[in-house]
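Notes follow once the structure below has been shown.
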Amino acid sequence: MCGIVGIFNLNKEAVYRDELKTMTSQIAHRGPDGQGYYVKKNIGLAHKRLAILDTSDKGAQPMGSKEGRWIVVFNGCIYNFSELKQELKTKGHTFVSETDTEVICEGLSAYGTSFFERLNGMFAIAAWDTQEEELYLSRDRFGIKPLYYWFNGKTLCFSSEIKAIIKHSDYKIDVDLNALNEYFTFQNVFSYNTLFKGVTMLPPANTVKIDKASTFVRHNSWWDYDFTKTDEEMSFDYAKTETKKLFEQAVTRQMIADVPVGSYLSGGMDSGSITAVASKQVDRLSTFTCGFDMSEVTGREANFDERRDAELMANHFKTEHFEQVMNAGDLRWSLPKLVYHLEDLRVGMSYPNYYISRLASKFVKVCLQGTGGDELFGGYPWRYYKVFDALDQQEFFDQYYDFWQRLVLDKDKKELFTQEIFDQIDINEPRKVFERVFTFNDKLKYDTPEQHINNSLYFEIKTFLPGLFLVGDKLAMAHGLEERFPFMDNDLVDFAMKVPVKHKLGNLKKEIAQIDENKLSNEKKTLSYREYDDGKNVLRKAMLDFIPDSIINRKKQGFSAPDESWYRGENAKYVEELLLSENTMSTKYINKEYICKIVKEHIEDHINHRLLIWSFMNFEWWCKIFLNGEKV
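Under this note's numbering, the first residue of the sequence shown carries the number 11, and numbering increases by one thereafter.
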């Protein structure tokens, strides 16, 4: 885990080391253990190091291949680097360190950039070919490690975080209105735009080449999720046994480190299973839980505090357990810091992630995370059952797009945006972006309930999950902490995609039986608008050997603070002074009357707008920090 930065001047102008250092200083938090620079004529590469494997100076970057052709800066961890290292040794390559970076350098020397496709891990890599004078950028299969770039035709800048790019002397900050429209539709950005105009996120599983003749950055996808080749003959027992075996293998692989490793422990099945396996390999594993002050919390949020379940598991696995208890006042203190580090706004209430990663960083340098199990094994059945009975592709798109407009419906955008902004946006663009996620993959079919559900899994793992990874990376690295995701292991993911839907969703047969094909579409659709306590059926059974039944069968809930209650209580004043004052900056883009209406409906009329209020507050701080230059 580290941070990388680079400048490539295609017009042959020299790269100035001082400018590269200024950019790199913006991501100092990602690498407190060292830094390095490579500057030669029109190319400059920089690295901030968080030492995890081989903490000696032998692991310093930028690092070169032995024959001198490749210079590499790398952020992430390669879990199969030992196997690849042995293979390269048989081809005559020698090694002086115990790092995965050196394996990448020698792998490039042996196989070229196709070597990236063989890596099992999380990575963002920049590789300079000194012979051909070409720059390659590559990102892992799943999009765990972020990598952004900006290209103006003559200069390409890249970095692990946008805040480094915007310090380049030629970059001028402006808001990307397409990204803003996406964000206030999905509470996410499904395209690879960012709120910073001109700054793009490199897609997952992509390797791009930039040379002196490049006029744009051509994305080149070398891998994609494929839920279309399920093995319908697979028995449930085989699915369960293989899932368990591959899960244990994945956790074991991701324990590799020369520094202390811990685990988050939320009280749920996924983090509990990771802790179960990890605790067998570490004496007194450190575990971390975030809880909430529930003294003024009502309704469904009264069950949001998971400390009790986490404590039971910590006792069961004999871990050294630490807890962070948050109250409503923590929002005001943390929000500016969170937005500064997150910069590329995504998904829901994430300030608890900021606190829990800060806690973990005081005791370990690596922390295991349970993210990914839901997306692979069907953990959100109430979403899939909304669309599994669609008649065709068009109805599937209509139903699912309705669901994923999490914040503001397209029909309400005129009320959301100021007139000046509304006149500049394409109201239909979010729908186009949404559909392109599916049409990117021409293997998808829309004929059966199982296909609809697998299409839902494909969509969520391509859009929602990368948002979670981005939040995890940015907020952990804010404290110099590396997060790892055992569910996102190449072998486990490959197998999970083959497991048939019937093994993931226990209620599928019962739901299909209720479909009356003779009913009109709008009548039939109402069947699916119910809540379900289902999902991850095969994973639950596979984990029975690891954790207690009471946890396995626990009703699913997300990791979130009780903000619906807090926005009406202790934080109501803060919400109003941030969003409705004379100093509110975001009202250049967002209609102040609309904000006022939403806040009033939430506080006085008890209409739950917690997601939208959170997004308003995030964008307001984004404007203050990045447009107005307020210091955090």
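Glycine is no exception: its CB is placed at the ideal position from the N, C-alpha and C atoms. Computed from a prediction, not measured in an experiment: that's the story for all the values here.
Unbroken beta strand (DSSP E) run spanning Val271, endpoints: Residue 271 sits at position 261 when you count from the first residue of the sequence shown. Looking at the DSSP string, the run of the beta strand (DSSP E) that includes Val271 is 271-274.
Just the C-alpha distance for Ala70 and Tyr468, rounded to the nearest angstrom, thanks. For the purposes of this step, residue 70 is taken as residue 60 along the sequence shown, with counting starting at 1. For the purposes of this step, residue 468 is taken as residue 458 along the sequence shown, with counting starting at 1. Rounded to whole angstroms, Ala70 to Tyr468 spans 38 angstroms at the Cα level.
Helix, strand or coil for Val610? Go by DSSP, reduced to three states. Locating residue 610 in the sequence shown gives position 600, where the first residue counts as 1. Checking the sequence shown, residue 610 turns out to be Lys, not Val. Helix, per DSSP.
7 angstroms Cβ shell around Ile183 - same chain, five flanking residues per side excluded: Position 173 of the sequence shown, counted from the start, is the residue given in the question as residue 183. Around Ile183: Ile176, Phe206, Phe636, Leu637.
If you reduce the DSSP assignment to three classes, tell me which class Arg356 lands in. Residue 356 sits at position 346 when you count from the first residue of the sequence shown. In the structure shown, Arg356 sits in coil (DSSP, three-state: anything other than H, G, I, E or B).
Status (buried if at least 16 other CB within 10 Å, exposed otherwise) for Ile617: As a first step, residue 617 is located in the sequence shown; it is residue number 607 there, counting from the start. The residue is exposed, with fewer than 16 neighbouring Cβ atoms inside 10 Å.
Let me confirm a value: Glu574 is counted as buried when at least 16 other C-beta atoms fall within 10 Å, else exposed. Which label applies? As a first step, residue 574 is located in the sequence shown; it is residue number 564 there, counting from the start. Burial of Glu574 is indicated by the presence of at least 16 other C-beta atoms within 10 angstroms of its C-beta.
Taking the alpha-carbon of Val585 as reference, which of Tyr599, Ala571, Val609, Asn601 has the nearest alpha-carbon? Along the sequence shown, one-based indexing puts residue 585 at 575. Ranked by Cα distance from Val585, the options Tyr599, Ala571, Val609, Asn601 are led by Val609.
Would you grab the beta carbon distance between Asp67 and Cys87 for me? Rounded to a whole angstrom, and I think it's under 8 angstroms. Against the sequence shown, residue 67 aligns to sequence position 57. Against the sequence shown, residue 87 aligns to sequence position 77. Actually they do not touch by this definition, with Cβ atoms about 19 angstroms apart.
For Lys255 and Lys520, what's the separation of their Cα atoms in angstroms? Here the question's residue 255 lines up with position 245 in the sequence shown. Here the question's residue 520 lines up with position 510 in the sequence shown. If I take the Cα positions, the gap works out to 30 angstroms.
Start and end of the beta strand (DSSP E) containing Leu378? The residue labelled residue 378 in the question sits at position 368 within the sequence shown. For Leu378, the enclosing beta strand (DSSP E) covers residues 376-378.
Give me, in chain order, the residues of the same chain whose beta-carbon lies closer than 8 angstroms to that of Asp139; leave out the 5 immediate sequence neighbours on both sides. Along the sequence shown, one-based indexing puts residue 139 at 129. So the list reads Arg79, Trp80, Leu145, Tyr146, once near-sequence residues are dropped.
Delimiting residues of the beta strand (DSSP E) encompassing Asp43: Here the question's residue 43 lines up with position 33 in the sequence shown. First-last for Asp43: undefined, no H or E at that position.
Spatial distance of Trp232 from Phe626 (CA atoms): By one-based count along the sequence shown, residue 232 stands at place 222. By one-based count along the sequence shown, residue 626 stands at place 616. Roughly 37 angstroms between the two C-alpha positions.
For the region 377-391 against the region 442-458, do three or more pairs of beta-carbon atoms, one drawn from each stretch, fall closer than 8 angstroms, so that the two count as touching? Verdict: no, contact absent.
Spatial distance of Met507 from Leu454 (CA atoms): Your numbering for residue 507 matches position 497 in the sequence shown. Your numbering for residue 454 matches position 444 in the sequence shown. Distance between the alpha carbons of Met507 and Leu454: 13 angstroms.
Check the DSSP bridge columns for Ala134 and list the partner residues they point to. By one-based count along the sequence shown, residue 134 stands at place 124. Secondary-structure assignment with DSSP links Ala134 through a beta bridge to Asn85, Arg149.
Starting from the C-beta of His331, find all residues in its chain whose C-beta is less than 6 angstroms away, skip the five residues before and the five after it, and write them out in chain order. In the sequence shown, counting from the first residue as 1, residue 331 sits at position 321. Apart from sequence neighbours up to five positions away, the residues of its chain that approach His331 with a beta-carbon distance below 6 angstroms are Thr297, Ala324, ordered along the chain.
Use the C-beta contact count for Arg356: other C-beta atoms within 10 angstroms, 16 or more gives buried, fewer gives exposed. Numbered from 1 along the sequence shown, position 346 holds the residue referred to as residue 356. So Arg356 counts as buried.
Since Ile114 contacts Phe84 with CB under 8 angstroms, what's their CB separation in whole angstroms? The count along the sequence shown starts at 1 and reaches residue 114 at position 104. The count along the sequence shown starts at 1 and reaches residue 84 at position 74. In this structure, Ile114 and Phe84 form a Cβ contact; the two beta carbons are roughly 6 angstroms apart against a cut-off of 8 angstroms.
Of all the options Glu29, Lys155, Ser276, which has the alpha carbon lying nearest to the alpha carbon of Ala320? Translated into positions along the sequence shown, residue 320 becomes position 310. Residue Ser276 is the option with its Cα nearest to Ala320.
Can you tell me which residues form a DSSP beta bridge with Asn653? For residue 653 there is no data in the structure shown, the boundaries of the chain being 11 and 642.
For the alpha helix (DSSP H) holding Met323, just list the boundary residues, first then last. Taking the first residue of the sequence shown as 1, we reach residue 323 at position 313. Element bounds for Met323: 317-327.
How far does the beta strand (DSSP E) with Thr111 in it reach, from first residue to last? As a first step, residue 111 is located in the sequence shown; it is residue number 101 there, counting from the start. Segment 110-121 is the alpha helix (DSSP H) holding Thr111; no beta strand (DSSP E) there.
Taking buried to mean at least 16 other C-beta atoms within 10 Å of its own C-beta, is Val511 buried or exposed? Within the sequence shown, the letter at position 501 stands for residue 511. Residue burial is scored here from C-beta neighbours: Val511 has at least 16 other C-beta atoms within 10 angstroms and is therefore classed as buried.
Would DSSP call Leu94 helix, strand or coil? Along the sequence shown, read from residue 1 onward, the residue named residue 94 stands at position 84. Helix, per DSSP.
Short of 6 angstroms in beta carbon distance, which residues of its chain neighbour Asn90, apart from the five on each side in sequence? Order them along the chain. Looking up residue 90 in the sequence shown gives position 80. Correct list, in chain order: Asn130.
Name the one or two DSSP bridge partners that Lys58 has. Position 48 of the sequence shown holds residue 58. Partner(s): Gly13, Gln45.
Asp28 - DSSP class collapsed to helix/strand/coil: Here residue 28 is taken as the residue at index 18 of the sequence shown, counted from 1. Reduced to three states, the DSSP call for Asp28 is helix.
Excluding the five sequence neighbours on either side, which residues of its own chain have a C-beta within less than 7 angstroms of the C-beta of Tyr159, listed in chain order? The residue given as residue 159 occupies position 149 in the sequence shown. Leu147, Leu166, Cys167, Phe168, Thr210, Leu212, Val227, listed in sequence order.
Is Thr381 helix, strand or coil by DSSP? As a working mapping, residue 381 is identified with position 371 in the sequence shown. The answer is coil: DSSP assigns Thr381 none of H, G, I, E or B.
Span of the alpha helix (DSSP H) holding Leu478? Taking the first residue of the sequence shown as position 1, residue 478 is located at position 468. Counting along the chain, the alpha helix (DSSP H) containing Leu478 begins and ends at 474-487.
Please state if the CB of Ile431 and the CB of Tyr599 are separated by a distance shorter than 8 angstroms. Locating residue 599 in the sequence shown gives position 589, counting from the first residue. Locating residue 431 in the sequence shown gives position 421, counting from the first residue. A contact, by the Cβ cut-off of 8 angstroms.
Tell me whether Asp483, by its Cβ, gets closer than 7 angstroms to a heavy atom of the ligand ZN. Within the structure as shown, the ligand ZN is missing, as the structure has no ligands at all.
First through last residue of the beta strand (DSSP E) which encompasses Val219: Position 209 of the sequence shown, counted from the start, is the residue given in the question as residue 219. It should be noted that the sequence gives Lys, not Val, for residue 219. Note, Lys219: beta strand (DSSP E), 216-220.
Going by alpha carbons, who is nearest to Asn451 out of Pro496, Leu554, Asn465, Lys602? Taking the sequence shown and counting its residues from 1, the one referred to as residue 451 is at position 441. Answer by Cα proximity: Asn465.
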